[in-house]
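Below is one structure, written out as structure tokens; comments come after it.
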Amino acid sequence: MIVTEREREAETQAEGEAGSMHREPDVGFDPGSPGSRPGPKAGAKPLRHPGIPELHFSYLITKPIERMKKSLQLNISCLLDLNSERRREEPSHPITFSYALTGGAMDNRGFQQGSLNSFRSSSSDEDLMDIPGTAMDFSMRDDVPPLDGEIEEDKSYNGGGIGSSNRMMDFLEEPIPGVGTYDDFNTIDWVREKSRDRDRHREITNKSKESTWALIHSVSDAFSGWLLMLLIGLLSGSLAGLIDISAHWMTDLKEGICTEGFWFNHEHCCWNSEHVTFEDRDKCPEWNSWSQLIISTDEGAFAYIVNYFMYVLWALLFAFLAVSLVKVFAPYACGSGIPEIKTILSGFIIRGYLGKWTLIIKTITLVLAVSSGLSLGKEGPLVHVACCCGNILCHCFNKYRKNEAKRREVLSAAAAAGVSVAFGAPIGGVLFSLEEVSYYFPLKTLWRSFFAALVAAFTLRSINPFGNSRLVLFYVEFHTPWHLFELVPFILLGIFGGLWGALFIRTNIAWCRKRKTTQLGKYPVIEVLVVTAITAILAFPNEYTRMSTSELISELFNDCGLLDSSKLCDYENRFNTSKGGELPDRPAGVGVYSAMWQLALTLILKIVITIFTFGMKIPSGLFIPSMAVGAIAGRLLGVGMEQLAYYHHDWAIFNSWCSQGADCITPGLYAMVGAAACLGGVTRMTVSLVVIMFELTGGLEYIVPLMAAAMTSKWVADALGREGIYDAHIRLNGYPFLEAKEEFAHKTLAMDVMKPRRNDPLLTVLTQDSMTVEDVETVISETTYSGFPVVVSRESQRLVGFVLRRDLIISIENARKKQDGVVSTSIIYFTEHSPPMPPYTPPTLKLRNILDLSPFTVTDLTPMEIVVDIFRKLGLRQCLVTHNGRLLGIITKKDVLKHIAQMANQDPDSILFN
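The sequence shown begins at 1 in UniProt numbering and counts up by one.
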């Protein structure tokens, strides 16, 4: 900037007055006595813009004249150097710099009057930039903080009023416990959490170059993630083995007990028996039914009634214990947990859902619920159990305990470990976590998920809970190839799976909504006992409903051999030899036809009873019941195709690839494809489902039938309803989950969604340096918002940042406890330096460290499809709406969800946590 001749004259005139460059007394300041800092002149009006605090150096440099920053920087530095000698000679006088921005004379008297009038007539920050002839005061008295030596000389300096006894209260130099954390049922700020983690990692990396100990700490920090995955895999695998062994034993306990040792289940009890024959290998003298123990006989109608009664009684006892433990100790232990896990991984906070009590009660009650014979499985709840393990172990590592985003990466890996031990499918578990439950899944989480799933599967294999060196009870291997024509029945099974999935979702959601909105939801114990009694009474007469669902699936997947004694393998043997254990297609015997009728009744019971079971207040998974429905339908179709090929092998559809006496059709393969189709129709899984089923069978050649059935079921189910069962339960419970798979295709703008709307009360905001502690506490008490925008002033509405409600409360409470002098009239400011204050005012409170200086903003004309994408991809909890730099409103995640529901002709008020 070129200094004009008039400016030189004004400078010379200023130097001649008292030999110093202080403000003239008639402007509103009194120089005071020598050696003391000048105080305000009596009756003088402060230099203020209406609605804006006193102007100070930081505000004028960073906000209203940003475009002039470069041009002023040189002049300020030059004049600071010019007056450095004068400051040494007369340290008691402030230094005043007056600049004419548009060619005005640098006369102090005229400058002050003109600037004051212009400030009073302005109504916004824009006026400060555009009014010609306006001069601005960059007084070091107001804006430049003193040197350390000056602070020691004058302990009363507070960066604000002159001569006051105030002190600057910046108590946030050290972190306050609780600041940066989140309240229950709130959404985390993904951007802030990732930024904090990057800062922490950068600090550790920089310190690692300073000492050996710091280097060791850096290495341990990098290794802690892998160590945590190891611990999660070990704990998840161990608990899964314990649950499998306990559930198998307690399921057999309903039918009898082993006299050699009550801790043996039926199969283990007869393993070492010397009195068992191959034909009757399930019967041994060491295993006694309840009728043998009570009336010493297992024959006759009375013995049947005794066994019937004991079966129902044990089922009711197990169910009562399960629902009572859940209701009293851990209400979050009910259900499968996958809808809530998906919501938590998207950034929602549900305190206690992954806690130690939930883990303990879920483990115990899962065994009881499965053993009761209800139509539910343990595979879904095992994901919840594994995530509880991951969350609890996160507290052993500061890296994950203090960062919610990092913790969710661990939970994604834990979910993979849960599916790994549920199905014995480590790769399928990783893909399940990626496809179905995870919201944020970076590449390093993929590697760690694979490691955790591997360790969990290895641990479960070491425990060997089923005694067959397999991770699941229904592991099976097929060796017969499939033929191209069989794609037709496979696709038919896919259609059945899609229809069943859509039917189940609609009916189950309707029943769960009825449970929530009627008196039924107030009596969970009675509901569980009634459903258990009905299930047990109807299940006992049928051997396929009496056995556990996992054993039923294993029976249906089985490929009949010479040594199989099941009724499903009761074929007429019309051959002399067999090659390698592969049997040709044979006519069905009496046992097969009897089994078909029993399986048909089982299918009807499973379809109906599962609708009422899933969602009760006990741990209940849906994987196994859905697979059972599909496996039954597949086995029925497979046996039908087998008999059709046997009796009509000369038909055109069979004669090219199925000759008489050949092994053409494998009914067990149809059962497996049907299981995959029904599970896919309910959950809408595709890739992970195919991989899980592939790992269950160990055969690459069956991937195409599985893919055809899975995709067909998904297409059919999507045509009847877009939501899977977990997404439907998320919407039913009102969880704030923003589905990333759906597209927003409506032409609305941010101004159509933001709050406040027309005729609504104004947006609640905080000002940067003009509100007292009492004002802020009043705003907090009168509202329920999770955060507040911070603006320059209520008149200008220029956005400064965003502050969270929880951080405000904790910071103010901490200041009242630890800092003397903080009272209700203390000014709270969010600026770098405190505002000018009158003398003898209470200490100010600086809260700049809890202020988010870079909140995400969009303009009011931004299309909502872009806003929705921003919320999905960045995981935002709120977004501020501006117009020409002025704050207009705010859009929260719940506002987005309500708008999407409204556009889909749904009730927008349903988006409320329930």
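For glycine and all other residues, C-beta sits at the position ideal for the given N, C-alpha and C.
Taking C-beta atoms as the reference points, Glu286 and Cys269 count as a pair closer than 9 Å. Between the alpha carbons of Phe557 and Thr857 lies a distance of about 56 Å.
Listed in chain order, the non-local C-beta contacts of Ile341 below 8 Å within the same chain comprise Val383, His384, Cys387, Leu411, Ala415, Val437, local neighbours out to five positions each way being set aside. Under DSSP, Ala588 takes part in a beta bridge, and its partners are Tyr571. Taking the CA atoms as reference points, Cys396 sits about 13 Å from Trp226.
Burial of Thr459 is indicated by the presence of at least 16 other C-beta atoms within 10 angstroms of its C-beta. When DSSP assignments are scanned along the region 841 to 874, the uninterrupted stretches of beta strand (DSSP E) that are 3 or more residues long and fall wholly within it turn out to be 844 to 846, 857 to 859. Taking 3 residues as the shortest admissible run, the region 219 to 301 contains the following complete beta strand (DSSP E) segments, listed from N- to C-terminal end: 256 to 258, 287 to 289.
With contact defined as three or more Cβ pairs closer than 8 Å, the region 322 to 338 and the region 365 to 381 are in contact. Its Cα nearest to that of Cys664, the residue His648 stands out among His648, Gln768, Thr297.
Sequence-distant Cβ neighbours of Arg515 in its own chain, meaning closer than 8 Å and more than five residues away, are Gly521, Glu527, Gly615. Counting C-beta pairs closer than 8 Å gives fewer than three between the region 848 to 855 and the region 741 to 758, which falls short of the contact rule. DSSP places Met693 in the helix class (H, G or I) of the three-state scheme.
Residues of the same chain with a CB within less than 7 Å of the CB of Phe329, apart from the 5 flanking positions on each side, are Trp357, Ile361 in chain order. At a Cβ-Cβ threshold of 9 Å, Val773 and Ser834 do not count as neighbours. Within the same chain, Cβ atoms closer than 6 Å to the Cβ of Gly429 are found at Ala416, Val419, Ser420, Ala453, the five residues on either side in sequence being excluded.
Listed in chain order, the non-local C-beta contacts of Ser826 below 7 Å within the same chain comprise Thr772, Val773, Pro842, Pro843, Thr844, Leu845, local neighbours out to five positions each way being set aside.
Exclusion of the five residues before and after Cys394 leaves Tyr400, Arg401, Arg407, Val410 as the residues of its chain whose Cβ lies within less than 6 Å of its Cβ. Residue environment analysis places Glu743 among the exposed positions, since fewer than 16 neighbouring C-beta atoms fall within 10 angstroms of its C-beta.
When DSSP reads this structure, Thr767 sits in a beta bridge with Val791. Taking 9 Å as the cut-off, the Cβ atoms of Gly889 and Lys755 count as close. Counting only the Cα atoms, Gln643 lies some 30 Å from Val682. When DSSP states are grouped into helix, strand and coil, Ile891 belongs to the strand group.
The DSSP assignment places no complete beta strand (DSSP E) segment of no fewer than 3 residues inside the region 341 to 367.
Ile618 is the residue among Cys258, Gly638, Ile618, Pro667 whose C-alpha sits nearest the C-alpha of Ser324.
In the same chain as Phe788, and ignoring 5 residues on each side of it, the C-beta atoms closer than 8 Å to its own belong to Thr764, Val765, Leu766, Val779, Phe802, Val803, Arg805, Leu808, in chain order. Looking only at Phe423, Pro489, Ser433, Thr535, the smallest Cα-Cα distance to Ile604 is reached by Thr535. If the five residues before and after Leu861 are omitted, its C-beta is found closer than 8 Å to the C-beta atoms of Leu749, Ala750, Met751, all from its own chain and listed in chain order. Around the beta carbon of Asn265, 16 or more other beta carbons lie within 10 angstroms, which makes this residue buried. For a cut-off of 8 Å, the C-beta gap from Ala247 to Ser371 is around 6 Å, short enough to register as a contact. Here DSSP, grouped into helix, strand and coil, assigns Gly721 to coil.
Collapsing the DSSP output to three states places Ile338 in a helix. For Phe557, there is no enclosing beta strand (DSSP E); the enclosing alpha helix (DSSP H) covers residues 549 to 557. Separation of the CB atoms of Asn186 and Ile349 is rounded to 5 Å, and the pair is thereby assigned contact status at 8 Å. The residue among Lys818, Leu689, Leu503, Ala719 with its C-alpha nearest the C-alpha of Phe612 is Leu503. The beta carbon of Tyr829 is closer than 7 Å to those of Gln768, Asp769, Pro835, Thr844, Lys846 in its chain, skipping five residues each way along the sequence.
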